[in-house]
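In what follows, a single structure is set out as structure tokens and then discussed.
Number of protein chains: 4
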Amino acid sequence: MARTRYRRRKQDRPAELTEAAMLEFSSNGYDATPVEAVAKRAGVSKGLLYLYFKTKEDLFKAVVRSFVAPRVDALVTRIDDTDLGVEEFLRGPFLETARELPRSRVRHLVRLMIAEGPKHPDLTRWYWENVLSKALDALQRLLRRGVQSGEIAPSAIEKFPQLLLSPVMFSVVWMLIMQPHHKLDTDAFIGAHVDLVLSAIKKGET
Amino acid sequence: MARTRYRRRKQDRPAELTEAAMLEFSSNGYDATPVEAVAKRAGVSKGLLYLYFKTKEDLFKAVVRSFVAPRVDALVTRIDDTDLGVEEFLRGPFLETARELPRSRVRHLVRLMIAEGPKHPDLTRWYWENVLSKALDALQRLLRRGVQSGEIAPSAIEKFPQLLLSPVMFSVVWMLIMQPHHKLDTDAFIGAHVDLVLSAIKKGET
Amino acid sequence: MARTRYRRRKQDRPAELTEAAMLEFSSNGYDATPVEAVAKRAGVSKGLLYLYFKTKEDLFKAVVRSFVAPRVDALVTRIDDTDLGVEEFLRGPFLETARELPRSRVRHLVRLMIAEGPKHPDLTRWYWENVLSKALDALQRLLRRGVQSGEIAPSAIEKFPQLLLSPVMFSVVWMLIMQPHHKLDTDAFIGAHVDLVLSAIKKGET
Amino acid sequence: MARTRYRRRKQDRPAELTEAAMLEFSSNGYDATPVEAVAKRAGVSKGLLYLYFKTKEDLFKAVVRSFVAPRVDALVTRIDDTDLGVEEFLRGPFLETARELPRSRVRHLVRLMIAEGPKHPDLTRWYWENVLSKALDALQRLLRRGVQSGEIAPSAIEKFPQLLLSPVMFSVVWMLIMQPHHKLDTDAFIGAHVDLVLSAIKKGET
DNA sequence: TATGAATGAGATTTCATTCAT
DNA sequence: TATGAATGAAATCTCATTCAT
Chain R
0 MARTRYRRRK QDRPAELTEA AMLEFSSNGY DATPVEAVAK RAGVSKGLLY LYFKTKEDLF
60 KAVVRSFVAP RVDALVTRID DTDLGVEEFL RGPFLETARE LPRSRVRHLV RLMIAEGPKH
120 PDLTRWYWEN VLSKALDALQ RLLRRGVQSG EIAPSAIEKF PQLLLSPVMF SVVWMLIMQP
180 HHKLDTDAFI GAHVDLVLSA IKKGET
Chain E
0 MARTRYRRRK QDRPAELTEA AMLEFSSNGY DATPVEAVAK RAGVSKGLLY LYFKTKEDLF
60 KAVVRSFVAP RVDALVTRID DTDLGVEEFL RGPFLETARE LPRSRVRHLV RLMIAEGPKH
120 PDLTRWYWEN VLSKALDALQ RLLRRGVQSG EIAPSAIEKF PQLLLSPVMF SVVWMLIMQP
180 HHKLDTDAFI GAHVDLVLSA IKKGET
Chain L
0 MARTRYRRRK QDRPAELTEA AMLEFSSNGY DATPVEAVAK RAGVSKGLLY LYFKTKEDLF
60 KAVVRSFVAP RVDALVTRID DTDLGVEEFL RGPFLETARE LPRSRVRHLV RLMIAEGPKH
120 PDLTRWYWEN VLSKALDALQ RLLRRGVQSG EIAPSAIEKF PQLLLSPVMF SVVWMLIMQP
180 HHKLDTDAFI GAHVDLVLSA IKKGET
Chain V
0 MARTRYRRRK QDRPAELTEA AMLEFSSNGY DATPVEAVAK RAGVSKGLLY LYFKTKEDLF
60 KAVVRSFVAP RVDALVTRID DTDLGVEEFL RGPFLETARE LPRSRVRHLV RLMIAEGPKH
120 PDLTRWYWEN VLSKALDALQ RLLRRGVQSG EIAPSAIEKF PQLLLSPVMF SVVWMLIMQP
180 HHKLDTDAFI GAHVDLVLSA IKKGET
């Protein structure tokens with residue numbers, strides 16, 4: 000008589016709902032996704048969804064939070080725990096993560112952030128505080144270690160670690176918008192950028 | 000006395016309407032902008048708008064077309080008519096345009112393209128064919144001229160002229176989403192990127 | 000230099016417009032036909048149409064009047080001028096007209112009368128006075144002549160000359176609604192009805 | 000206190016709505032009836048109507064189906080279950096039904112079918128398959144039984160059972176369009192038609 | 001908790017009609 | 001006469017949100 004249909008409990012619901020919302024928002028965009036579509040995909044009623052999220056906007060925020068944060072934490076930890084050199088790190092873990100992003104589901108969240116961001120300043124603030132600034136700080140720490148160890152020369156990139164992210168974001172957007180019309184090999188593209196950066200900042204290239 | 004109800008400006012209407020639409024879409028996004036808001040801003044009735052644009056989507060496309068195309072044409076012409084060297088061009092006209100973009104109104108169109116692009120494949124195709132591919136081709140021609148003249152060394156950047164655009168797009172997005180929370184000096188940022196690129200590809204840097 | 004485009008003059012315009020309206024109303028129905036479609040088909044502007052007909056309803060009435068009246072007048076004249084017997088007339092001119100109607104353009108007007116009639120009581124009144132009652136009276140006169148001459152026996156049909164029209168209207172409606180799904184040979188159908196009537200009222204059939 | 004906003008009558012709603020729609024469509028016609036008028040008459044909101052019927056057209060179809068089908072089924076059953084002769088049946092049950100129709104509410108549906116039919120071919124197909132063809136087949140079976148039993152002579156009416164329906168439809172249309180201007184005693188009219196038919200097909204009238 | 005019937009505001013679009021030109 | 005730009009009311013349909021059950 001085990002009614003597995005009802006196995007799912009209170010505690011799993013929010014995650015199930017954000018998962019469902021992530022999928023729906025990703026394919027249709029925020030405005031074009033009816034709340035009911037999310038509920039249906041999660042296998043619950045509209046009413047129940049409103050029990051967990053006061054408004055549609057709330058749900059959207061929860062989606063962004065639940066999907067982005069874990070990834071960044073992982074990257075930050077990786078940077079701070081590593082004893083790899085700058086080049087090793089950039090060509091290794093960084094490149095791996097950077098190349099995966101434009102293909103992963105998270106790319107849709109990036110689009111949602113860009114599309115909806117201006118209407119949700121508290122969300123972008125949260126995003127800055129909990130995601131972007133952490134990632135940029137960690138990258139900065141990495142680069143400074145490299146300078147101190149003499150591996151790389153001091154350069155503007157320490158001030159603008161964003162320089163390491165811009166081709167990643169570009170690739171994400173390209174995948175979402177331009178890929179159907181003109182293919183870009185984002186792996187090679189991001190690789191070329193890292194080459195470029197390294198060739199510019201590495202010392203002893205004489 | 001009572002001002003005439005009619006203004007009868009067949010000539011100017013489309014431009015007035017796309018201008019108004021540009022402003023409304025920019026601040027609220029496409030979906031969240033009622034057609035009526037556009038009409039009101041243009042000082043006409045809803046009905047008139049539909050005399051010039053068959054659907055809201057049509058209006059959106061007209062906006063993108065009318066605002067983006069002229070700028071790119073200008074840039075392309077500039078590249079092809081110049082006899083500046085690569086460095087001179089990148090530090091001169093290119094930097095000028097690249098730095099202006101994130102502050103100009105067009106930045107909002109970039110956001111709209113990212114937000115709405117996936118739902119309007121014909122629009123993104125048009126954008127690719129009439130805007131992006133032209134700009135990338137022109138940049139490629141510039142770089143090849145530099146290689147042939149011996150000014151710069153062959154490098155991956157010839158294959159990926161996008162490398163010159165990614166920090167511009169990054170700046171645009173930053174301005175739209177993150178600037179309220181954390182200022183980025185996009186002029187310096189884009190300048191640093193150009194430095195980086197040039198230091199990597201210039202010859203005789205022994 | 001003969002500018003034939005402007006040959007058409009004031010006097011032809013109403014007829015041109017009702018002709019165009021007839022065609023449009025026939026294929027799309029009254030409500031679903033924009034006034035502009037009529038104007039376009041007539042090759043004039045909307046504004047001009049409103050110069051001749053105060054409202055769309057006016058135009059509709061003019062259509063009905065201009066298309067139906069001439070036909071009925073012809074039939075009535077034919078009945079009153081004939082010296083054919085009842086059978087000869089019914090099997091001859093009547094059958095000819097009755098069989099043509101379901102195939103002619105006028106059938107669409109019948110549909111319009113049925114569809115729009117209840118909303119235009121003055122139109123149906125006009126139709127009764129100028130069309131239907133005249134036709135029924137003429138048929139009645141024909142039948143009475145037959146009784147007086149001894150050709151046919153007195154019967155209820157003198158009181159209800161509509162009995163001669165009902166299969167015609169049935170055929171018209173069938174052509175409009177049912178013919179795509181199930182063919183009815185309206186010629187044979189109407190013929191059978193006339194046979195039936197005649198076999199019932201003819202004398203000396205002992 | 001404030002009456003509850005909800006009535007929650009899932010079961011009854013569709014019937015309440017088609018009933019309301021029937022009334023509204025009957026008096027104003029399909030195109031001229033706003034969905035809101037139907038909702039208002041049913042005492043619910045516009046939105047609710049769309050919960051039960053995906054489009055206005057859907058609602059219209061439901062109206063036709065729910066009102067017409069039951070009557071026809073009843074007639075067909077009556078024909079097939081009877082052991083009355085042809086004359087008895089035509090003068091009895093048939094006449095009764097035929098005479099009621101022009102006065103019943105269903106007459107409005109006939110008008111709607113004629114008015115809207117051409118725009119809804121699937122509806123007229125359904126009508127043919129589920130209503131008309133059944134009725135005509137049943138009448139045909141009745142007449143054949145009469146021929147076989149020797150009650151009536153073979154005649155074209157077996158091929159065209161529509162001959163029995165045409166005065167009924169004529170009466171319906173008359174009631175809707177002409178009755179205000181000129182009264183027709185439809186009972187007598189339909190009776191006369193049946194007389195006519197019977198006197199033509201009955202045997203042994205020598 | 002959980003449902004989903006019900007609401008009502010609002011969005012897009014159409015079109016009869018007017019009137020400056 | 002003749003045009004067609006312009007209006008504005010209305011129509012269909014969607015959907016976030018509520019709340020009786």
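Protein chains in written order, with numbering that gives the first Met the number 0: chain R, 0 to 205; chain E, 0 to 205; chain L, 0 to 205; chain V, 0 to 205. Think of the CB as a built atom: it goes at the ideal place given N, C-alpha and C, for glycine as much as any other residue.
- Neighbours of K118/R across chain E, judged by C-beta separation under 9 angstroms: N27, G28, A31.
- Between the stretch 157 to 172 of chain L and the stretch 124 to 136 of chain V, the count of C-beta pairs closer than 8 angstroms stays below three; the two stretches do not touch.
- Judged by beta-carbon spacing, E157/R lies within the 8 angstroms limit of Q139/R, meaning their Cβ atoms are closer than that value.
- In the structure shown, the three-state DSSP call for K158/R is coil.
- Close to R64/E, with beta-carbon spacing below 7 angstroms, lies no residue of chain R; the smallest spacing is near 16 angstroms.
- Within the same chain, and ignoring the five residues on either side of R40/L in sequence, the residues whose Cβ sits closer than 7 angstroms to its Cβ are A19, L22, E23.
- If you draw a straight line from the Cα of A191/R to the Cα of A155/E, it is about 6 angstroms long.
- Only S154, A155, I156, K158, F159, Q161, L162, L164, S165, P166, V167, M168, F169, S170 from the stretch 154 to 171 of chain R bring a Cβ to less than 9 angstroms from some Cβ of chain E.
- In the structure shown, K182/E adopts coil according to DSSP, grouped into three states.
- As the crow flies, the alpha-carbon of S148/L is around 17 angstroms from that of A199/L.
- At least one CB of chain E lies nearer than 8 angstroms to the CB of D194/R.
- Of all residues in the stretch 79 to 112 of chain L, the ones placed with a Cβ closer than 7 angstroms to any Cβ belonging to chain V are R110, M112, in chain order.
- Here L100/E has R106, V167, V171 as same chain residues with Cβ atoms under 7 angstroms from its own Cβ, once five neighbours each way along the sequence are excluded.
- Between S65/R and the set F188/R, W125/R, Q161/R, D194/R, the nearest pair of CA atoms involves W125/R.
- Here the stretch 106 to 123 of chain E lies against the stretch 102 to 121 of chain R, with 3 or more beta-carbon pairs under 8 angstroms apart.
- Per DSSP, W173/E is not a residue of any alpha helix (DSSP H), being assigned neither H nor E.
- One thing to note: L162/E has its Cβ within 8 angstroms of the Cβ of V196/E.
- In the DSSP assignment, L131/E falls outside any alpha helix (DSSP H) and carries neither an H nor an E.
- Listed in chain order, the non-local C-beta contacts of S44/R below 7 angstroms within the same chain comprise A38, local neighbours out to five positions each way being set aside.
- In the DSSP secondary-structure assignment, K201/R is bridged to I151/R.
- A distance below 8 angstroms separates the beta carbons of T123/E and H180/R.
- G28/L sits buried, since 16 or more C-beta atoms from the chains shown fall within 10 Å of its C-beta.
- Identification of chain V residues near F188/L by a Cβ-Cβ cut-off of 7 angstroms yields F159, Q161, ordered along the chain.
- At a C-beta separation below 8 angstroms, T123/V has these neighbours in chain L: I176, M177, P179, H180.
- Residues I78, T81, L141 of the same chain have their beta carbon placed closer than 8 angstroms to that of F88/V, with the five preceding and five following residues left out of the count.
- As the crow flies, the alpha-carbon of L16/E is around 12 angstroms from that of K55/E.
- In the displayed model, L138/V falls within a helix according to three-state DSSP.
- In this structure, A14/V is the residue among S103/V, L47/V, A14/V with its C-alpha nearest to the C-alpha of K60/V.
- Chain L places no beta carbon closer than 8 angstroms to that of S44/V, leaving this residue out of the contacts.
- Comparing alpha carbon positions, the residue from L164/V, I189/V, Y51/V closest to D11/V is Y51/V.
- Boundaries for Y29/R: no alpha helix (DSSP H) harbours it, and the DSSP string shows neither H nor E there.
- The three-state secondary structure of T81/E, taken from DSSP, is coil.
- Against chain V, the CB of L141/L has no partner CB under 8 angstroms away; the residue lies outside that interface.
- F93/V and L164/V have their alpha carbons spaced roughly 10 angstroms apart.
- A distance of 8 angstroms or more separates the beta carbons of I176/E and R98/E.
- Close CB contacts of G84/R within its chain, under the 6 angstroms cut and outside five residues either way in sequence, are with E150 (chain order).
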